[in-house]
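Below is one structure, written out as structure tokens, with a few remarks after it.
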Amino acid sequence: MNKIGFNVLAWSAVVSEELLPILDRLKKIGYDGVEFFVGAEEAAIYKRMGDHCQSIGLEVTNVFTLSAEENLIDESESVRKNGLDRIKWAIDRCHDMNAKVLCGPYHSAFATFAGHAPTEDEYNRSAEILNAAGDHAAQADVVMTIEALNRFECYLCNTMDQLLHLVEKADHPQVKAMYDTHHANIEEKKVGEAMKTIAPHLRHFHISENDRGTPGAGHVHWDETFATLSEINYQGWYTIEGFTRNDPDFANAINVWREFAQPWDMAEQGLKFIREMVKKHAGSS
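Sequential numbering from 0 applies to the sequence shown in numbering that gives the first Met the number 0.
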């Protein structure tokens, strides 16, 4: 049975004890897990938050990005090494939190563009570092699920075809793929076919509306999405990722300029929506 999680980026990108009452309430309303952004430099806070989640019965997944100074596809070997070191650091924070999944678009630097289409050399550079990071992930029992983003946030991987190419090139059992319905809504022509393309490597799934608001309130092809998930027998997380302006620094960094929905509306209505869709499409083929 699939587990359902909620990404606390709807409240804050900072991992801190201010999130504790939010975690408690998410558990109370029925979530199986929560997802944190791995960014804060204080390592000890990850252990404290992971211990709290474990104590109340919440599992943890994490999301992560790289900066231009850590870009895995940069021509500079030192920049790529920075990226490898940073991924290893994030994997260690997953271990601190008892998290088994590190998702995100860390195949390359977030919102960093080169003025050209992706090259095979860039795919090769990214794959080499991801493979090396996979060895570290194996020691921590963490699966690296890399993410395709829309064309306005990334140029290396926008589609499942491109993501499949990179994952297969990385060729490591700990390097897998995730699918995000928001990005796919922009980039994929046929979402069902895209999901089937990545199905052999699919280990994480973000439920995210076209406007990043409450799942089910927009125009993502939800029936096709959940019917395909049932058809491919997807066994990983359904994690809601919605954004607000609660954390202005984070919101500004990802160009969120208005409120799409209130966090608790996303959490409560989104949980109900996922359960309804899973039930509706159980046994689809």
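Note that CB positions come from ideal geometry on N, CA and C, so glycine has one too.
Alpha-carbon to alpha-carbon, Leu19 and Ala147: One C-alpha to the other measures close to 31 Å.
message: With H, G and I counted as helix, E and B as strand and the rest as coil, what does DSSP make of Tyr30?
response: coil
task: Could you check how far apart the C-beta atoms of Thr231 and Met276 are, in whole angstroms? I think they sit under 8 Å.
output: Just to set this straight, residue 231 is Ile in the shown sequence, not Thr. Actually they do not touch by this definition, with Cβ atoms about 15 Å apart.
query: Does the pairing of the segment 260-279 with the segment 1-17 give three or more beta-carbon distances under 8 Å?
result: Because the criterion of three Cβ pairs below 8 Å is met, the segment 260-279 and the segment 1-17 touch.
- prompt: Hey, how far is the Cα of Ala176 from the Cα of Asp246?
  reply: 28 Å
message: Pull the bridge partners of Thr60 from the DSSP assignment, please.
response: Glu34
message: Are the CB atoms of Leu22 and Ile55 within a distance shorter than 8 Å?
response: For Ile55 and Leu22, yes; Cβs fall inside 8 Å.
- request: Work out the CA separation of Arg124 and Glu208 for me, nearest whole Å.
  value: If you draw a straight line from the Cα of Glu208 to the Cα of Arg124, it is about 32 Å long.
query: Buried or exposed: Met0, going by 16 or more other Cβ atoms within 10 Å of its Cβ?
result: exposed
- request: Tell me, please, which residues DSSP counts as bridged to Ile145.
  value: DSSP lists Gly103, Ala176 as the bridge partner or partners of Ile145.
- prompt: Does the segment 265-272 come close enough to the segment 237-255 that 3 or more CB-CB pairs lie under 8 Å?
  reply: yes
- request: For Leu57, I'd like the list of residues in its chain whose CB is within less than 8 Å of its CB, leaving aside the five on either flank, ordered along the chain.
  value: Leu22, Leu25, Lys26, Tyr30, Asp31, Gly32, Val33
- prompt: Below 8 Å, can you find three or more Cβ-Cβ pairs linking the segment 214-233 to the segment 161-168?
  reply: no
query: Do the segment 34-42 and the segment 73-81 touch if we need at least three Cβ pairs shorter than 8 Å?
result: no
query: Buried or exposed: which applies to Ile282, given that a residue is buried once 16 or more other Cβ atoms fall within 10 Å of its Cβ?
result: The question names Ile, but residue 282 in the sequence shown is Gly. Exposed, since its Cβ has fewer than 16 Cβ neighbours within 10 Å.
- request: Please work out which residues of its chain come closer than 6 Å, Cβ to Cβ, to Lys87, disregarding the five sequence neighbours upstream and downstream, and give them in chain order.
  value: Around Lys87: His135.
- prompt: Exposed or buried, which one is Asp95 when buried takes at least 16 other CB atoms within 10 Å?
  reply: buried
task: Report the rounded CA-to-CA distance for Thr227 versus Ile145, giving the unit in angstroms.
output: Answer to the nearest angstrom: the Cα atoms are 20 Å apart.
Residues of its chain near Gln138, where Cβ-Cβ distance is below 6 Å and the 5 sequence neighbours each way are ignored: none
message: Threshold first: 4 residues or longer. Then list the alpha helix (DSSP H) segments lying entirely within the segment 221-251, N to C.
response: 221-230
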